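Below you'll find the structure, written out as structure tokens, and then a few comments.
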Ligand code: EPZ
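Residue numbers (the working numbering): 39 to 456.
Set out below in structure tokens:
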């Protein structure tokens with residue numbers, strides 16, 4: 039087996055200290071996709087992630103010059119660019135599909151293949167396609183290629199999403215912003231990352247009225263650019279709070295506490311003391327966590343599916359029971375097998391997982407996707423003995439400076455050839 043870049047972790051250290059959440063991956067990716075509507079833009083607090091790098095490759099292919107100074111990206115359109123997104127970049131991440139709406143609005147057509155992304159048990163795009171068809175898009179599937187055109191341009195529509203899909207809401211919102219008509223979206227997702235996309239589009243001159251689940255867009259033919267600062271990553275912030283919790287530590291995270299109500303409530307149920315200020319959350323963990331009772335993942339403001347694996351790792355060594363119900367990605371259990379190999383006592387039945395706290399022991403572990411990767415690292419930090427973790431590239435898609443940050447908090451973790 040050839041060596042792979044991975045992690046070597048020795049468990050048992052309490053994590054103590056303060057960290058700052060980076061810009062949110064799931065906000066900056068749709069915002070970068072929306073820049074195809076503009077001649078240029080400046081994006082501040084942009085995290086340095088491999089998914090962001092893929093978006094920049096796609097934008098260059100579509101005719102944009104992209105520069106980075108620290109955490110600021112500057113983009114401007116140099117030429118009309120291509121009207122396709124190469125398959126290797128479509129398959130590299132789920133968010134590549136978000137270029138569809140903007141390209142249809144701006145140049146009336148684009149060819150692309152279905153997107154890749156974390157293997158969470160199927161990532162269909164039917165809601166994206168049916169929503170855009172209601173705006174006049176003609177989308178035909180030719181083998182693995184989607185030929186998407188808007189022969190007489192997109193038109194305004196009243197679209198009701200049957201499920202508050204984050205990506206479908208974003209694709210529709212971007213298409214509507216670049217269509218000089220009124221588009222009403224109901225049944226929309228209301229994640230903070232969508233609010234941040236709306237803030238960006240308003241900055242580019244689009245009139246948008248929004249309330250939870252409903253968005254009214256007066257789109258425009260051309261959008262000015264704007265300078266936008268990306269909101270803090272709530273999933274990253276909660277991951278570091280959970281790292282403090284699972285190691286019996288004391289961690290403060292600079293973030294937006296208003297986006298963390300559901301995970302904070304669970305951490306309190308598990309026995310953590312939590313102090314909240316305007317822009318930070320300070321957690322002090324008990325010697326040993328208690329089971330969290332029932333955790334049900336739901337669209338925002340419910341408990342985020344992206345924290346299900348991370349909180350399962352935190353609960354794995356706790357006293358007592360935690361019952362997970364995964365309503366967003368019902369088969370998002372790839373991390374369970376890895377935690378079981380450390381001694382976790384987990385029973386899965388359909389979209390439910392019942393966990394009884396048990397002592398965890400370090401072993402050889404694998405990241406199967408971004409959040410599952412963060413979960414196995416947290417479990418290894420709390421486990422007895424040493425662990426190795428392969429598949430580091432999954433983690434680097436969504437956590438900037440992950441190892442550096444954990445070492446700053448006192449973790450014994452190093453990057454190594456495994
Ligand atoms: C976004 O994915 C996030 N990704 C995910 O984060 C997050 O887990 C998810 O929203 C839910 O919050 C980004 O923002 C880049 P959905 P998305 O469309 O848009 C079904 C991470 O770890 N569905 O809200 O793909 C779908 O199968 C990632 O950062 C359809 O059936 O999520 C799922 O069951 C993982 N048809 C549910 O809806 C569609 O056309 C929610 O998906 C679209 C979705």
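Quick reminder that beta carbons are idealized off the backbone N, C-alpha and C, glycines included. Please read these numbers as outputs of a predicted model, since none were measured by experiment.
Residue 63 - containing alpha helix (DSSP H), residue span:
63-72
Any heavy atom of ligand 1 closer than 6 Å to the CB of residue 58?
Placement of the Cβ of residue 58 at a distance of 6 Å or more from every heavy atom of ligand 1 is found.
When the Cα atoms are used, what is the spatial distance from residue 368 to residue 138?
26 Å
Check the C-beta distance from residue 284 over to residue 327 and give it rounded, since I have them as a contact under 8 Å.
7 Å
Indicate whether residue 104 and residue 98 have their beta-carbon atoms separated by less than 7 Å.
yes
How should residue 341 be labelled, buried or exposed, when 16 other C-beta atoms within 10 angstroms of its C-beta is the threshold for buried?
buried
Is it a yes or a no for the stretch 162-170 touching the stretch 119-127, going by three-plus beta-carbon pairs under 8 Å?
No contact exists between the stretch 162-170 and the stretch 119-127.
What residue range is occupied by the uninterrupted beta strand (DSSP E) comprising residue 438?
No beta strand (DSSP E) holds residue 438; DSSP gives it neither H nor E.
Determine contact between the stretch 264-277 and the stretch 49-67, defined as no fewer than three beta-carbon pairs at a distance below 8 Å.
yes
Buried versus exposed, by CB contacts within 10 Å (16 or more), residue 392:
exposed
In the structure shown, what three-state DSSP assignment does residue 233 receive?
helix
Taking 6 Å as the cut-off, is the C-beta of residue 367 nearer than that to any heavy atom in ligand 1?
True, at least one ligand heavy atom lies under 6 Å from that Cβ.
Could you check what DSSP says for residue 383 in three-state terms: helix, strand or coil?
Of the three classes helix, strand and coil, the one that applies to residue 383 here is strand, per DSSP.
Whole beta strand (DSSP E) elements within the stretch 59-128, 3-residue minimum
Those beta strand (DSSP E) runs which fall completely within the stretch 59-128 and span 3+ residues are 78-82, 102-107, 110-115.
Helix, strand or coil for residue 137 per DSSP?
Under the three-state reduction of DSSP, residue 137 is assigned to helix.
Between residue 210 and ligand 2, is the CB less than 6 Å from at least one heavy atom?
In the structure shown, ligand 2 is absent; the only ligands present are ligand 1.
Using the Cβ count rule (16 or more neighbours within 10 Å means buried), how would you classify residue 455?
exposed
Nearest-angstrom Cα distance between residue 214 and residue 192?
8 Å
Output the boundary residues of the beta strand (DSSP E) element that contains residue 312.
311-314
Applying the criterion that 16 or more other CB atoms from any shown protein chain within 10 Å of the CB defines a buried residue, is residue 207 buried or exposed?
buried
Length of the line joining the Cα atoms of residue 375 and residue 349
15 Å
Considering only the beta carbon of each residue, do residue 429 and residue 418 sit closer than 7 Å?
no
Straight-line Cα distance separating residue 100 from residue 387
In this structure, the alpha-carbon of residue 387 lies about 45 Å from that of residue 100.
Where does the unbroken alpha helix (DSSP H) through residue 353 begin, and where does it stop?
346-354
For residue 256, write down the residues that DSSP places opposite it in a beta bridge.
Bridge partners of residue 256: 220, 245.
Hey, would you say residue 356 sits closer than 7 Å to residue 316, going by beta carbons?
Contact flag unset, no.
To the nearest angstrom, report how far apart residue 362 and residue 372 are at their CA atoms.
14 Å
If contacts are defined as beta-carbon pairs under 8 Å, then residue 262 and residue 84 qualify, I think. What distance do you get, rounded to the angstrom?
With 8 Å as the limit, residue 262 and residue 84 do not qualify as a contact, their Cβ atoms being about 19 Å apart.
Using the C-alpha atoms, what's the distance from residue 107 back to residue 78?
16 Å
Counting Cβ pairs closer than 8 Å, one from the stretch 253-261 and one from the stretch 229-244, do we hit at least three?
yes
Could you give the first and the last residue of the continuous beta strand (DSSP E) run that contains residue 359?
359-364
Check for me: the beta strand (DSSP E) holding residue 302 runs from which residue to which?
That residue, residue 302, is in no beta strand (DSSP E); its alpha helix (DSSP H) goes 299-307.
Residue 154, buried or exposed, once every other Cβ within 10 Å from all chains shown has been counted against 16
buried
Output the boundary residues of the alpha helix (DSSP H) element that contains residue 373.
372-378
What residues in its chain sit with their C-beta under 7 Å from that of residue 329, if we drop five residues either side in the sequence?
If you ignore the 5 residues before and after residue 329, its C-beta comes within less than 7 Å of the C-beta of 353, 356, 357, 358, 359, 360, 395, all in its own chain and listed in chain order.
CA-to-CA distance, residue 291 to residue 299, given in whole angstroms
Cα-Cα distance, rounded: 14 Å.
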